[in-house]
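In our numbering, the protein residues as written are 75 to 702.
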């Protein structure tokens, strides 16, 4: 019968210990970001209505001649979610579209340059460019045939409307044909120029240095290769390829014209005369262009200094100061400031100084933004501008949340905390999420609130989350999470009740020792043989002191706060409390309390010992989680 009683006692001890220790033995759950693994999930196809738009947009860019914009449209398609098993189909389509756009862009630029040479009567120099353009068009046509097959596979794999894709493919094919026809037309123009009489245009300019917007005199002569003058012909005057005047040749082929230059703010411009035959001349004479003559321009370049004053924060105004100055009085009285979708016109002072109060939108994200200040062009005064990279940053908010180390389900739990933002005071809405409920309180820095723990809450670690949302937009939000051990007494009572009944049955009805005696007997068997009471003498609890010193070593390693030889237990505990070590502090507090009782109290309760054992196990788990 004694063996049955012993077995029953052991069953009861194990049941009680397990109901209390399991939450500590299982490490607290860590929050992890969950990333989608396309290989392990079901094949989720993107919506056809969305995907067809992403597929057709590159075709639209090509049709408009915006070859350089095709890559940007394709990058949007690449960023869409595509199952990994179908990614290669999209990648092939993107590769072919990029290739076609590149070939067509190159061919178009070459033909533009060749056409400019042909218009100047230099068809021979244009031929190598057209030969290279022909190769680019041929490569684009070969890639186009591959693209048709890739588009068919894309439409089939993603259930896209084939009709829409075929229409765009046919448009692309016609574009390639048009470029081929343009190439043939340019080659024909070169052949026809071979039988035409060459012409020559020469010019001279006076003066060759002038203020921008000033007047120059252009003189020149137009004649054939045989020296025959061409009277009554129109000669176009160009400044940096911009047509600005027309001159007519006299009886000896000469021409002279006074030209008003546009207001161009460059140090030099190129002036050129060009003859383009018209009417009957088009089938007799070649077009020609003179050499380019450089003209130096004079103008005044004002200088600008700009700098923001103070911090730039959402919802707050900040000051921008600057000045504009030059060697001559400024002809304007305002500057234009562009800042976050807003434009300000600010008046200049007599000395060119300006100061503006600019508002930063309250809903803007933290980051770097461009601020631009410009002055207008006015006569010989060139425009001047300055760009600044301005950092917008909210004031960080530091928050603390204080919770008890242990709570019982079915009771209320007191939570308190504080928040601050440097030396500035702020009002904020505090939201606490715990056990499926949300608690709100408005505070100016400190708060306290009672949280309800329903009886349906299971024993174990529970997460309590807090979010601080400041009323003013120039403060940042803050969020913090703490975990608290919740013990549900129903869980303990039910498990104890069941196993007590089992133990009584095993013992044959013999009275079982009290809960305290059971705990005492278990600890006595392992650590202090011969002990039979629920309270233990200090000399028999040296193992508890070993636990304390183990905890001190772990805490020192986790926090970097090492216990000095002159420190008492409470002084070291206070040193840990001064840092942000909430969970570690609570474990050490429990173990310190037990160790102090072992040293200075004639008796230590079984509950204190049990809590110390649970605390050291949790501390070990925390150490293993952080270090591994």
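Note that the Cβ used here is the ideal one computed from N, Cα and C, for glycine as well.
Bear in mind the structure is a predicted one, so any value in this text is a computation, not a measurement.
**Asked** Can you give the beta carbon distance from residue 234 to residue 168, rounded, assuming they're within the 8 Å contact cut?
**Response** For the purposes of this step, residue 234 is identified with residue 160 of the chain shown, where counting begins at 1. For the purposes of this step, residue 168 is identified with residue 94 of the chain shown, where counting begins at 1. Taking 8 Å as the upper bound for CB-CB distance, residue 234 and residue 168 are not in contact here, some 15 Å apart.
**Message:** Looking only at its chain, what residues have a beta carbon closer than 8 Å to the beta carbon of residue 524, apart from the 5 residues adjacent to it on each side?
**Reply:** In the chain shown, residue 524 corresponds to position 450, counting from 1. Listed in chain order, the non-local C-beta contacts of residue 524 below 8 Å within the same chain comprise 486, 487, 488 and 489, local neighbours out to five positions each way being set aside.
**Whole beta strand (DSSP E) elements within the stretch 206-287, 3-residue minimum** = Complete beta strand (DSSP E) runs here, min 3: 273-280 and 283-285.
**Message:** Does the stretch 336-353 come into contact with the stretch 363-370, if we say contact requires no fewer than three beta-carbon pairs (one atom in each stretch) closer than 8 Å?
**Reply:** Note that the stretch 336-353 touches the stretch 363-370; at least 3 beta-carbon pairs, one per stretch, sit closer than 8 Å.
**Request:** List the whole-angstrom C-beta distance separating residue 182 from residue 141, where the pair is believed to meet the contact cut-off of C-beta under 8 Å.
**Result:** Here residue 182 is taken as the residue at index 108 of the chain shown, counted from 1. Here residue 141 is taken as the residue at index 67 of the chain shown, counted from 1. With 8 Å as the limit, residue 182 and residue 141 qualify as a contact, their Cβ atoms being about 7 Å apart.
**Asked** When you compare each of 190, 228 and 173 to residue 122 by their alpha carbons, which one comes out closest?
**Response** One-based indexing of the chain shown puts residue 122 at position 48. Per the Cα distances, 228.
**Request:** Using alpha carbons as the reference points, say which of 396, 350, 619 and 432 lies closest to residue 389.
**Result:** Against the chain shown, residue 389 aligns to sequence position 315. The option with the nearest alpha carbon to residue 389 is 432.
**Prompt:** How about residue 475 and residue 558: are their beta carbons less than 7 Å apart?
**Reply:** Residue mapping note: residue 475 aligns to position 401 of the chain shown, counting from 1. Residue mapping note: residue 558 aligns to position 484 of the chain shown, counting from 1. It is not a contact, given that the beta carbons lie outside the stated cut-off.
**Whether residue 529 touches residue 560 by CB criterion (7 Å)** = On the chain shown, position 455 is the one that residue 529 refers to. On the chain shown, position 486 is the one that residue 560 refers to. A distance of 7 Å or more separates the beta carbons of residue 529 and residue 560.
**beta strand (DSSP E) runs contained entirely in the stretch 366-402, provided each spans 3 or more residues** = For the stretch 366-402, whole beta strand (DSSP E) runs of length 3 or above, ordered along the chain, are 367-372, 377-383 and 391-399.
**Request:** Give the C-beta separation of residue 621 and residue 686 to the nearest angstrom, bearing in mind that I take them to be a contact with Cβ-Cβ under 8 Å.
**Result:** Residue 621 sits at position 547 when you count from the first residue of the chain shown. Residue 686 sits at position 612 when you count from the first residue of the chain shown. Contact between residue 621 and residue 686 holds: their C-beta atoms lie close to 6 Å from each other, under 8 Å.
**Prompt:** Beta carbon of residue 303, beta carbon of residue 278: below 7 Å?
**Reply:** Locating residue 303 in the chain shown gives position 229, where the first residue counts as 1. Locating residue 278 in the chain shown gives position 204, where the first residue counts as 1. Result no, Cβ atoms of residue 303 and residue 278 do not sit closer than 7 Å.
**Message:** At a threshold of 6 Å, does residue 368 count as lining the ligand SAM (C-beta to nearest heavy atom)?
**Reply:** In terms of ligand content, the structure shown is empty, and the ligand SAM therefore cannot be addressed.
**Environment of residue 195 [buried if 16+ CB atoms lie within 10 Å]** = Looking up residue 195 in the chain shown gives position 121. By the C-beta density criterion, residue 195 is buried, having at least 16 other C-beta atoms within 10 angstroms.
**Request:** Return the chain-ordered ranges of every alpha helix (DSSP H) run that is complete within the stretch 137-210 and spans a minimum of 4 residues.
**Result:** Whole alpha helix (DSSP H) segments, 4+ residues: 144-153 and 161-193.
**Asked** Just the Cα atoms here: how many angstroms apart are residue 351 and residue 308?
**Response** The residue given as residue 351 occupies position 277 in the chain shown. The residue given as residue 308 occupies position 234 in the chain shown. Going by the C-alpha atoms only, they are around 9 Å apart.
**Message:** Given this structure, state the Cα-to-Cα distance separating residue 610 from residue 662, to the nearest angstrom.
**Reply:** In the chain shown, the residue the question calls residue 610 occupies position 536. In the chain shown, the residue the question calls residue 662 occupies position 588. Residue confidence is low: residue 610 scores 42 on pLDDT, short of 50, so the model does not pin down where it sits. No coordinate-derived value is stated.
**Prompt:** residue 693 to residue 623, Cα distance in whole Å?
**Reply:** As a first step, residue 693 is located in the chain shown; it is residue number 619 there, counting from the start. As a first step, residue 623 is located in the chain shown; it is residue number 549 there, counting from the start. If you take the alpha carbons of residue 693 and residue 623, they lie about 12 Å apart.
**Message:** Just verifying my parser: in three-state terms, what is the DSSP assignment at residue 635?
**Reply:** Here residue 635 corresponds to residue number 561 of the chain shown, with the count starting at 1. DSSP places residue 635 in coil when its eight states are reduced to three.
**Asked** Which residue comes first and which comes last in the beta strand (DSSP E) that contains residue 487?
**Response** If you number the chain shown from 1, residue 487 lands on position 413. 486-494 is the span of the beta strand (DSSP E), which, as asked, contains residue 487.
**Prompt:** Is residue 467 helix, strand or coil by DSSP?
**Reply:** Translated into positions along the chain shown, residue 467 becomes position 393. Residue 467 falls in the coil class under three-state DSSP.
**Message:** One question on the structure: do residue 469 and residue 549 come within less than 7 Å of each other, judged by their Cβ atoms?
**Reply:** The sequence position of residue 469 within the chain shown is 395, counting from 1. The sequence position of residue 549 within the chain shown is 475, counting from 1. In contact: residue 469 and residue 549 (Cβ atoms closer than 7 Å).
**Item:** Neighbour-count burial assignment, residue 503, 16 or more Cβ in a 10 Å radius
**Value:** Residue 503 sits at position 429 when you count from the first residue of the chain shown. With fewer than 16 other Cβ atoms within 10 Å, it is exposed.
**Message:** Give me the DSSP bridge partner(s) of residue 524.
**Reply:** Indexing the chain shown from 1 puts residue 524 at position 450. Per the DSSP secondary-structure output, residue 524 pairs in a beta bridge with 488.
**Request:** Could you tell me the boundaries of the beta strand (DSSP E) in which residue 517 lies?
**Result:** To locate residue 517, count along the chain shown from 1; it is residue 443. Taken as a continuous stretch (DSSP letters only), the beta strand (DSSP E) holding residue 517 covers 511-517.
**Request:** Determine, using beta-carbon pairs with one atom in the stretch 192-210 and one in the stretch 142-149, whether at least three such pairs fall under 8 Å.
**Result:** Using a C-beta cut-off of 8 Å, the stretch 192-210 makes no contact with the stretch 142-149, since fewer than three inter-stretch Cβ pairs fall below that distance.
**residue 681 - containing alpha helix (DSSP H), residue span** = The residue labelled residue 681 in the question sits at position 607 within the chain shown. In this chain, the alpha helix (DSSP H) harbouring residue 681 covers 680-701.
**Message:** Check for me: the beta strand (DSSP E) holding residue 556 runs from which residue to which?
**Reply:** Here residue 556 is taken as the residue at index 482 of the chain shown, counted from 1. Residue 556 -> beta strand (DSSP E) spans 552-561.
**Message:** Our contact map puts residue 311 next to residue 333 with C-beta atoms below 8 Å; I'd like the distance itself, whole angstroms only.
**Reply:** Your numbering for residue 311 matches position 237 in the chain shown. Your numbering for residue 333 matches position 259 in the chain shown. Contact holds; Cβ gap of about 6 Å.
**Asked** Which whole-angstrom value is the C-beta distance of residue 704 and residue 411, which I expect to be below 8 Å?
**Response** This structure gives no information on residue 704, because the portion of the chain shown stretches from 75 to 702.
**Message:** For residue 451, which residues in the same chain have their Cβ closer than 8 Å to its Cβ, ignoring the five residues on either side in sequence?
**Reply:** What you label residue 451 is simply residue 377 of the chain shown in a count that begins at 1. Here the set comprises 337, 339 and 457.
**Asked** Can you tell which of 296, 150 and 316 has the C-alpha that lies nearest to the C-alpha of residue 324?
**Response** Taking the chain shown and counting its residues from 1, one reaches residue 324 at position 250. Looking at 296, 150 and 316, the one whose alpha-carbon comes closest to that of residue 324 is 296.
**Item:** Proximal residues to residue 172 (C-beta, below 8 Å), its chain only, five neighbours per side dropped
**Value:** Sequence index remark: in the chain shown, residue 172 carries index 98 (1-based). So the qualifying residues of the chain are 144, 145 and 148.
**Message:** So, for residue 329: in the same chain, excluding its five sequence neighbours on each side, which residues have a beta-carbon less than 6 Å away from its beta-carbon?
**Reply:** Against the chain shown, residue 329 aligns to sequence position 255. Taking C-beta separations shorter than 6 Å and ignoring five residues to either side along the sequence, the partners of residue 329 in its chain run 294, 309, 321 and 323, following chain order.
**Asked** Which residue comes first and which comes last in the beta strand (DSSP E) that contains residue 358?
**Response** Numbered from 1 along the chain shown, position 284 holds the residue referred to as residue 358. From DSSP, residue 358 is part of no beta strand (DSSP E); its letter is neither H nor E.
**Message:** Relative to the C-alpha of residue 519, which candidate in 221, 255, 258 and 494 has its C-alpha closest?
**Reply:** Here residue 519 refers to the residue found at position 445 when the chain shown is read from its first residue. Selected option, being the one with the closest Cα: 494.
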